[in-house]
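Quick note: the sequence shown uses my numbering, first residue 681, plus one each step.
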Amino acid sequence: MFRKGLILSLLSFVFAQKIVLNEASLGEIKALPITEAQAEALYDYVIFQGPLTEIYEILNIPEFDIETLNQLKPIISLTIQTQDANHSRLQDRYRKVENWTSTEGANEGLIEVWLDRLSEPINVNHATYDDLMSLQNVSPVDAVSVIKRQKEGSINYPKALRGATNLSYWGYKNMVDFFTYGEDDPTKTSHFWYNTTYKTVPSTNSFDEEVGSTTPLSNHPGNLQHKMIYTSGGTWKLGYAYHRKMGEQNRYISQVYIPEGKLALTFRNLSLGKLKINRLILGNFSATMGQGVVFESTDFFAPRRSGYGWSRRVVGAFPDLSQSYEYGLNGVALQTHLGKVDAFGFVSMNSRDAVTNADSSFSSFITLYPRTDTG
């Protein structure tokens, strides 16, 4: 009798401390008097569509009814997180972001797109085929499956996306973090992102560097890069990047000691009647056509492998804050679509390094790492 009384007392003490749903772990939610399926559905809803602002939002989850909600009311609360939801989303996936930002080469422009999607995800109900295909390990079959699921009705939570016919497990796992669900509109917020990296070991990501370095670099300055991006709502963003390759000295504009970096101002999601302007870019940008076979503006060689893994290229025009210098573009780029027709064009004028002849004409472009103003 004493043992039963002790157990009942302990249970009463546990549930006297209300579970804060917006801050609870999956284990804490499973401790509630609900089924495991209900706990997982509630946890997914809070993570991907939260924080909850009122308790009756729980009824939006198909696994819950009013009777279950009435049982939970005395033992749960909805204290709002002190952190911004977008910041929390990015912080929860810091390891993934850190791996991406340490990558060099042709995918750097795509990394910026992924970072934007994590900190400012779009609604899966409005995602286009190109939005889906820009994600790693998402096949055309996966993308078409999601498009068909959109036509069946609103995708209000992640498990509804998982139920799309012919959507593979890996396709789902690699796209679920990049979207919101239901009627959520995350594009009305602003955020600032900054990253800095310093390396003292030569990279071997580029094909030209795989043969090894022929110049000792131990006594030279390391590889340094700064990137910062400010986004205002879903309409415009401003990005700046400074890159110094290993062995190079700091570069400045004229004599005023302003670092010579990359700057891009991007206007997005504009409309002129039925004409939709995806991106209008002023400054540094990258452009890719035909999976990089027709045209690609990057200094880095990347082999084209079969499948839909990490060698993927994004097609179109995007702001460029990557380390590409020789073949980078600087000017104006515009990408639009009208119905099922997509189009983009650009105008660029940028300096190039080249091998010169005796008469000052040039015979070919040259990519220099490290790059100096002599030679």
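Cβ coordinates follow ideal geometry from the N, Cα and C atoms, glycine included. It should be emphasised that the depicted structure is a prediction, and the values quoted were computed from it without experimental measurement.
Quickly, what does DSSP pair residue i with across the bridge? List them, please.
i: E924; result: A small fix is needed here, since residue 924 is Arg in this sequence, not Glu. Answer is L904, bridged to R924.
i: A1038; result: DSSP lists no partner for A1038.
i: Y910; result: F872, L918
i: A844; result: None, per the DSSP bridge assignment.
i: G1011; result: G963, S1028
i: Y932; result: P939
i: F859; result: I802
i: I756; result: I699
i: S1044; result: V1035
i: E976; result: T968
Starting from residue i, trace the beta strand (DSSP E) both ways and give me its first and last residue.
i: I961; result: 955 to 969
i: P999; result: 996 to 999
i: F872; result: 870 to 879
i: S951; result: 942 to 952
Taking the continuous alpha helix (DSSP H) assigned at residue i, which residues delimit it?
i: K1020; result: From DSSP, K1020 is part of no alpha helix (DSSP H); its letter is neither H nor E.
i: N854; result: 849 to 855
i: A719; result: 716 to 729
i: T748; result: 746 to 752
i: E743; result: That residue, E743, is in no alpha helix (DSSP H); it is neither H nor E in DSSP.
i: E708; result: 706 to 710
i: Q830; result: 820 to 832
i: D811; result: 809 to 813
Please look up how many angstroms separate the CB atoms of residue i and residue j, rounded, as I've assumed it's under 8 Å.
i: P838; j: Y809; result: With a Cβ gap of about 20 Å, P838 and Y809 do not count as contacting.
i: T1016; j: I957; result: 5 Å
i: G996; j: F1024; result: 6 Å
i: L1060; j: D1000; result: Past the edges of the chain, shown from 681 to 1055, lies residue 1060, and the structure says nothing about it.
i: G913; j: S870; result: 6 Å
To the nearest angstrom, how far is it from the Cα of residue i to the Cα of residue j?
i: T876; j: V856; result: 27 Å
i: S848; j: Q816; result: 13 Å
i: I760; j: F728; result: Below a pLDDT of 50, predicted positions are generally treated as unreliable, and I760, at 47, falls in that range; the measurement from the model is reported next regardless. Rounded to the nearest angstrom, the two C-alpha atoms are 15 Å apart.
i: N831; j: P801; result: The sequence given here places Lys at residue 831; Asn does not occur at that position. Those two C-alpha atoms are separated by around 20 Å.
i: F744; j: P901; result: 60 Å
i: P713; j: M813; result: 41 Å
i: S1043; j: S1031; result: 15 Å
i: S825; j: V804; result: 12 Å
i: K879; j: G927; result: 11 Å
i: M969; j: W916; result: 24 Å
i: H1059; j: N930; result: Because residue 1059 is not part of the residues shown, which for the chain are 681 to 1055, the question remains open.
i: K1020; j: P820; result: 17 Å
i: D979; j: V936; result: 28 Å
i: A944; j: G972; result: 22 Å
i: G1011; j: Q718; result: 53 Å
i: Y920; j: T911; result: 12 Å
i: D1033; j: E940; result: 16 Å
i: L739; j: N836; result: 12 Å
i: G953; j: G833; result: 26 Å
i: E737; j: L749; result: 10 Å
i: S1004; j: Y723; result: 42 Å
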